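S.K.:
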Amino acid sequence: MNPTNYLVLSAILFSIGAAGVLVRRNAIVVFMCVELMLNASNLAFVTFARTNGTLDGQVVAFFVMVVAAAEVVVGLAIIVTIFRTRNSASVDEPNLLRL
Amino acid sequence: MAVITTALSIATEGAPNPGEVVAASGTFTLTALLIAIPLASAALLLLLGRRADRWGHLLGTLAAAASAVLGVVLLVAMMGQPEDARTIGQSLWTWIDVGSFTADVALQLDPLSISFVLLITIVGTLIHVYSIGYMAHDPDRRRFFAYLNLFIAAMLLLVLADNYLLLYVGWEGVGLASYLLIGFWYRKPSAATAAKKAFVVNRVGDVGLSLAIMIMFATMGTFTFSGVNEAIGSVDPDTTTWLGLALLLAACGKSAQFPLQSWLLDAMEGPTPVSALIHAATMVTAGVYLIVRSNAIFDLTETAQLAVVVVGTITLLMGAIIGTAKDDIKKGLAGSTMSQIGYMVLAAGLGPAGYVFAIFHLLTHGMFKAGLFLGAGSVMHGMNDDVNMRHYGALRAVMTITWATFGLGFLAIIGIPPFAGFWSKDEIIKVAFAVHPVAGVAALLGAGVTAFYMTRMMAMTFHGKARWEPDVHPHESPAVMTVPMMVLALGSVFGGLVLLFVGNIEEWLAPVVGFEKAEPGIPVPLLIGLTMAVVVVGAVIGWRQYAMREVPRMAPTQVSWATRAARADLYGDAVNEAVFMRPGQYLTRTLVWTDNKVIDGAVNGTAAGIGGLSARSRRWQSGYVRSYALSMLLGAVVIGAVLALVRFA
Amino acid sequence: MSTEQYLPLVALVALPILGGLLVSLLPKGNPTLPKQVALVISLLTLALGVVVGLAFDPSAADRFQLGASWDWIPAWGVSFALGVDGISLVLILMTAILVPVCILGGWADADATAGSPRGYFAWILVLEGLVLGVFAATDVFLFYVLFEAMLIPMYFLIGRYGGAQRQYAAVKFFLYSLAGGLLMLAALIGLWVVSGDQLGAGTFDYAALVGLDIPVETQKWLFLGFFIAFAIKAPLWPLHTWLPDAASEAPPSSSVLLVGVLDKVGTFGMLRLCLPLFPDASKYFTPVIIVLSIVGIVYGALLAIGQTDLKRLIAYTSISHFGFIALGIFAMTSQGQSGATLYMVNHGFSIAALFLIVGFMATRRGSRMVADFGGVQKVAPVLAGAFLVAGLSSLALPGLSSFVSEFLVLAGTFTRYPVAAVVATLGIVLAALYILLMYQRTMTGPVRPGVEGMPDLRGREVLAIAPVLAIILALGFFPQVALDIINPSVDQTMTAVGSTDPAPVVAEGK
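Residue numbers (the working numbering), protein chains in the order written: chain A, 1 to 99; chain B, 100 to 748; chain C, 749 to 1258.
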């Protein structure tokens, strides 16, 4: 098995995710892109676990999945709340982070 | 004259031989009470406040009188002691003790200090009595007596202390009392200013005393009189000179000697009894006491002695010249006080030949000058507190007692035999001729000028035509004021004779200050004759100008530069203002500006700089999630790149 | 450290802090109750202070007595250790006396402010506890923690209860102190590392640290860390500009605590920590510090003369006086250091009287400006008299307490640095000027409009001022009471620094 292909795929997926986070305005899409980046890194982890013959990468991948799940729960809730109050899911609009 | 020469030849011991300090026992244990009684009275009067208003003046007078009686008792006891056992020490408690720095609250009673004790308490008591009448209508009379008592206590502490540090307490204590009393009528801005000026100028002198004590401690490890007298011999001459100069500075401040003389004339803002007691008889002579007390130091340093002589000579002439031009009777007397203390300081600078006569003149001056001031006060009392002599004239008829007592004081101060001033001043002139002829000539001239301005004062006040203000009705003062004046007039008449022939002052003081007979280069009778001639000439000029001629009610304005200079106190204040006050004010203002703008400006500038930096970097925070994400990405890329570089390069 | 734990000292530190908590929990609505409770607690503290003072034995061989110690963070060698020597004892007593005086004198200080009286008096008590703790700490870490913690109550006392510029003043005070504290923290860690190297395990125990033999170069850096922190706190020229702002904006009773008590921690720290811990560095930096002190003496006095605001004026006089204290400490003679310690005590009392009286005047007149007063002696003679005595104490009139300490400092300095002493002596002339000018402008002359109706001191105010003035007078004539306590500790400090008094020249010659 050639790990390079998997890693290249992982890098491509990560880049697509990162680009999506940067260019898209819809919060849901941004969110999905973040998930894409996480899963890209998961893929890299699993690949490394495989090549090195240890389980560490797999364990981390599980961790990431758990964190991603938790993130989805919190993140989606926030997005839904924002959508409800402002009728928009654009990430550019709530620049309230700025005082 | 032969009498004097015999009197002189009796006491011809050289260096002082005070003997050992004897611990106080018997009567002498009461020494501390001398100070404690007036101090307690002052404290009581101040703390009770208005409650003591009705009897405050009586308590104050009683306290002073009690001290005076005690002083006489102690004098009698001391005369019963053998000559080498007349230095009595009483140690009360340990005051300060740190490492080798030891100062006790301890008193030393010896012939020198008892002389002062008697002067202070007796003249003090008389002036207390006088003040009962003089201040009768002042609502704050109790406070006045409290301050007077405080002064008596501090002055006694000054002369009774057995070390310089405790002397310092009395020294500034009298300064405080003087401050309080000059500014007694504090609602007058001029009085408040004069009080502050007196204190501050005195403080300049006090720097000298502080430094002297520090030098003593650093070089000898002690500053008790006995310790210094013992150790001063092994101190190197330069240090001794500095020590002498520091003490001279202190004396200049307290005794209003050149160049620290300017405060005394302003000090006349105080009530007249204060001028009599503090600014004529006692406190201002403390500088002379200090120099005479430190005779062991001055005997070893010719430079410092010369400085003392120079200061004394300059001041005796300055004071006399200022005295000639003053129309304010009190300021005239103040100039005279400066001048007379100049004589004493001059005598004190002449070494063992002069110490005794410095003290002698100090004592006689204390009597006649107090009398003169009280007389001036009595005149003011009758003239609605007007001090301008041009508004007086022909008061002899309405104030006979005042005229008589003032006249006797006048005869004493100009040095007519056999009045008190003749004996003491003549001795000073004589010794001055023997040791420093130049100073002798100056002293001789000074005597002439003294005769002139005192005659002027006498003539303008009591003789000539009446130049009274329209609504003034001069009257003689009540007995409570005239009796003290009469007692002091007695002192003016007999003080010199009694001290010289009954008290034998040379022998009395010689054990403490040393005595050495000095013969002037010219025959003594000739010198005395010369002095008399100068005095008579001065008096006659004064009499012709101010008693025989009309005195204008307004001071003439078209006068010579000399008169203008004398009226302006020989520009002492102008110099102070130009050299110290103006630059000082400028410096303070500049520093206030510097502190606000430069030092605090640097601090606030730093704060503002950091604030500005933050405001600028705040712009990075746009609030857009995507720009944050971009910066995160860039950060990650940079970190990755750096890692890669480190790894592979 | 003795195994027996001396609890009254611990109680002395704990009581005001707990009392402060109690005061803060009192019910709202009754503005007098917190004042009364605070007064009682401060008086109890004073009683405890007297107990500690009586238990102290100045002639004992041990420097630190009445110790109590518990492990706090054993891994770092930190313990909660208290103990007193003569120097800290007199400062503890001064603090314990001044706090009730401040509470009495500042009875109305919090009434017209945004904050509540509860908070004001609670913070004062907490501050007292922390300061007492600093003076009593024998563990350097504990010292540091309390040193920093003191800022918190003071910050609120100024920032919440002060005058118009209170926020600015409070923040300035806080930042200045914090900057110093940071340097001190760095030096503290450095000290701990050195102690770890030399003793095997790091410690903050004072006695152990004094025994260290630190290389001179290291000493210099560590010394600077501590010294700058203390110099800011004290404050020494040119780190002083926070003081006039803070002291003039704070309410009068807080100004007293700030300048009279809190700032003493700075000079106390120099004497307690800088000198014995870093003797070589201390000697190395002495010339610089002497010069700074002298500049401070003259500079503070000149600026005081130029002030138009009474409280700022008094604040600047303190800068001059702190110059004297630092001069005495670094003169490295027993007279200088004993004098400096006594000076700290005396200055506390005279500054307390001055600030409180100026506070009374400002409350009555509604202004702190010199120009708004005049002729006060006529309408309020007792107030004027008290003000004069306090002022005379500030200008070190012989017979009052400050004279003894000032003269000891000067004499102690003269034996080693004559020129410095001569320049410093000029300060006494300037002192006469700033005090008497202030007195003349405010108290004498014709009665100014706005002053006519000014009432004299009232019962409570007299009660606050009278004991202070009594102490000023008593210590003027019987300073040995305090000096007997101070001297042994100063001697031990001198031994730790390896310094001895210069012998009199005459004695050397023989």
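In this text, a Cβ means the ideal position worked out from N, Cα and C, and glycines have one as well.
Since we're looking at a predicted model, the values are computed, not measured.
(1) How many whole angstroms separate the CB atoms of residue 251/B and residue 156/B, which I take to be in contact at a CB cut-off of 8 Å?
(2) In the DSSP output, which residue or residues are listed as bridge partners for residue 1117/C?
(3) Could you pull the DSSP bridge partners for residue 885/C from this structure?
(4) Roughly how many angstroms lie between the CA atoms of residue 53/A and residue 742/B, to the nearest whole one?
(5) Measuring only between beta-carbons, confirm whether residue 113/B sits less than 8 Å from chain C.
(6) Could you pull out every residue in the same chain whose Cβ sits closer than 6 Å to the Cβ of residue 1002/C, ignoring the five residues on either side in sequence?
(7) Spatial neighbours of residue 22/A within its chain, please: CB distance less than 7 Å, with the 5 preceding and 5 following residues excluded, ordered by chain position.
(8) Using the three-state DSSP reduction, which class does residue 358/B fall into: helix, strand or coil?
(9) Mind checking residue 581/B: buried by the 16 CB within 10 Å criterion, or exposed?
(10) Can you tell me the Cα-Cα spacing of residue 564/B and residue 616/B, whole angstroms?
(11) Given a cut-off of 8 Å, decide if residue 587/B and residue 463/B are closer than it, judged by their beta-carbon atoms.
(12) With respect to the beta strand (DSSP E) encompassing residue 815/C, which residues constitute its N-terminal and C-terminal limits?
(13) Beta-carbon of residue 725/B versus every beta-carbon of chain A: anything under 8 Å?
(14) Does chain B have any CB closer than 8 Å to the CB of residue 1126/C?
(15) Under a CB-based cut-off of 8 Å, is residue 38/A close to chain B?
(16) Which residue comes first and which comes last in the beta strand (DSSP E) that contains residue 193/B?
(17) Alpha carbons only, please: which of 368/B, 746/B, 216/B is nearest the one belonging to residue 285/B?
(18) Can you find a CB in chain B that lies within less than 8 Å of the CB of residue 18/A?
(19) With a CB to CB cut of under 6 Å and the five nearest residues on each side skipped, what residues in its chain are close to residue 535/B?
(20) For residue 13/A, go through chain B and note every residue whose CB falls closer than 9 Å to its CB, in chain order.
(21) From residue 1006/C to residue 765/C, what distance separates their C-alpha atoms?
(22) Are the C-beta atoms of residue 1094/C and some chain B residue less than 8 Å apart?
(23) With 8 Å as the threshold, decide whether the Cβ of residue 45/B is near any Cβ in chain C.
(24) Distance, Cα to Cα, residue 1197/C vs residue 292/B?
(25) For residue 222/B, which residues in the same chain have their Cβ closer than 6 Å to its Cβ, ignoring the five residues on either side in sequence?
(26) Check the Cβ of residue 1252/C against every Cβ in chain B and list those closer than 7 Å, keeping chain order.
(27) Is there at least one Cβ from chain A nearer than 8 Å to residue 742/B's Cβ?
(28) Could you check if residue 704/B is buried or exposed, using at least 16 other CB atoms within 10 Å of its CB as the buried criterion?
(29) Counting along the chain, where does the alpha helix (DSSP H) carrying residue 203/B start and finish?
(30) Using a Cβ-Cβ distance under 8 Å, would residue 778/C count as near chain B?
(31) With a threshold of 8 Å, are at least 3 pairs of Cβ atoms found where one atom belongs to the region 600-619 of chain B and the other to the region 440-453 of chain B?
(32) Would you kindly work out how many angstroms separate the C-alpha atoms of residue 527/B and residue 670/B, rounded to a whole number?
(33) Please report the distance separating the alpha-carbon of residue 827/C from that of residue 268/B.
(34) Below 8 Å on C-beta distance, what does residue 241/B contact in chain C?
(35) Roughly how far, in whole angstroms, is the beta-carbon of residue 610/B from the beta-carbon of residue 261/B, given that I think they are within contact range, below 8 Å?
(36) Please list the terminal residues of the continuous alpha helix (DSSP H) segment that includes residue 16/A.
M.R.: Inspection of the coordinates gives the following:
(1) Indexing the second sequence from 1 puts residue 251/B at position 152. Indexing the second sequence from 1 puts residue 156/B at position 57. The Cβ separation is near 14 Å, so there is no contact.
(2) Counting from one through the third sequence, the residue named residue 1117/C turns up at place 369. According to DSSP, residue 1117/C bridges with 1057/C.
(3) To locate residue 885/C, count along the third sequence from 1; it is residue 137. Residue 885/C pairs with 830/C.
(4) Taking the first sequence and counting its residues from 1, one reaches residue 53/A at position 53. Taking the second sequence and counting its residues from 1, one reaches residue 742/B at position 643. Residue 53/A and residue 742/B: Cα-Cα distance of roughly 25 Å.
(5) For the purposes of this step, residue 113/B is taken as the residue at position 14 of the second sequence. Residue placement at residue 113/B is flagged as unreliable, the pLDDT there being 49, under the threshold of 50; a coordinate-derived value is accordingly withheld.
(6) Within the third sequence, residue 1002/C is the residue found at index 254, counting from 1. So the qualifying residues of the chain are 905.
(7) Along the first sequence, one-based indexing puts residue 22/A at 22. Same-chain partners within the cutoff: there are none.
(8) Within the second sequence, the letter at position 259 stands for residue 358/B. Residue 358/B falls in the coil class under three-state DSSP.
(9) For the purposes of this step, residue 581/B is identified with residue 482 of the second sequence, where counting begins at 1. Residue 581/B comes out buried.
(10) Start at 1 with the first residue of the second sequence, and residue 564/B comes out as number 465. Start at 1 with the first residue of the second sequence, and residue 616/B comes out as number 517. Each residue's Cα considered, the two are about 48 Å apart.
(11) By 1-based counting over the second sequence, the position of residue 463/B is 364. By 1-based counting over the second sequence, the position of residue 587/B is 488. The answer is no: Cβ separation not under 8 Å.
(12) The residue given as residue 815/C occupies position 67 in the third sequence. Start and end: 813-821.
(13) Within the second sequence, numbered from 1, the residue matching residue 725/B stands at position 626. At least one chain A Cβ lies under 8 Å of residue 725/B.
(14) Stepping through the third sequence from its first residue, residue 1126/C is reached at position 378. With 8 Å as the cut-off, residue 1126/C counts as an interface residue toward chain B.
(15) Walking along the first sequence from the start, residue 38/A turns up at place 38. Residue 38/A does not count as touching chain B.
(16) Taking the second sequence and counting its residues from 1, the one referred to as residue 193/B is at position 94. Looking at the DSSP string, the run of the beta strand (DSSP E) that includes residue 193/B is 187-197.
(17) In the second sequence, counting from the first residue as 1, residue 285/B sits at position 186. Ranking the options by Cα distance to residue 285/B, first place goes to 368/B.
(18) To locate residue 18/A, count along the first sequence from 1; it is residue 18. Closer than 8 Å: yes.
(19) Residue mapping note: residue 535/B aligns to position 436 of the second sequence, counting from 1. Closer than 6 Å at the Cβ level, and outside the excluded window around residue 535/B, lie 408.
(20) Start at 1 with the first residue of the first sequence, and residue 13/A comes out as number 13. Those do not exist, as residue 13/A stays about 15 Å from chain B at its closest Cβ, beyond 9 Å.
(21) Counting from 1 along the third sequence, the entry for residue 1006/C is found at position 258. Counting from 1 along the third sequence, the entry for residue 765/C is found at position 17. Cα to Cα, the separation comes out at about 17 Å.
(22) In the third sequence, counting from the first residue as 1, residue 1094/C sits at position 346. So, not an interface residue.
(23) The shown model of chain B, from 100 to 748, leaves out residue 45/B, and the question about it has no answer.
(24) Position 449 of the third sequence, counting from 1, holds the residue named residue 1197/C. Position 193 of the second sequence, counting from 1, holds the residue named residue 292/B. Roughly 21 Å separates the two Cα atoms.
(25) Against the second sequence, residue 222/B aligns to sequence position 123. Excluding residues within five positions, the ones whose Cβ falls inside 6 Å are 380, 465, 469.
(26) Against the third sequence, residue 1252/C aligns to sequence position 504. Ordered by position in chain B, the residues that pass the 7 Å Cβ test against residue 1252/C are 317, 318, 319, 320.
(27) Here residue 742/B refers to the residue found at position 643 of the second sequence. With 8 Å as the cut-off, residue 742/B does not count as an interface residue toward chain A.
(28) Here residue 704/B is taken as the residue at index 605 of the second sequence, counted from 1. Exposed is the call here.
(29) Numbered from 1 along the second sequence, position 104 holds the residue referred to as residue 203/B. Counting along the chain, residue 203/B falls outside any alpha helix (DSSP H), though it belongs to the beta strand (DSSP E) covering 200-208.
(30) Looking up residue 778/C in the third sequence gives position 30. No, residue 778/C does not count as interfacial toward chain B.
(31) yes
(32) Counting from 1 along the second sequence, the entry for residue 527/B is found at position 428. Counting from 1 along the second sequence, the entry for residue 670/B is found at position 571. Straight-line Cα distance between these residues: approximately 28 Å.
(33) Translated into positions along the third sequence, residue 827/C becomes position 79. Translated into positions along the second sequence, residue 268/B becomes position 169. Computed Cα separation, rounded: 48 Å.
(34) Locating residue 241/B in the second sequence gives position 142, counting from the first residue. Residues of chain C passing the Cβ test: none, with the nearest at roughly 11 Å.
(35) Translated into positions along the second sequence, residue 610/B becomes position 511. Translated into positions along the second sequence, residue 261/B becomes position 162. With a Cβ gap of about 16 Å, residue 610/B and residue 261/B do not count as contacting.
(36) For the purposes of this step, residue 16/A is taken as residue 16 along the first sequence, with counting starting at 1. Here the alpha helix (DSSP H) through residue 16/A covers 3-23.
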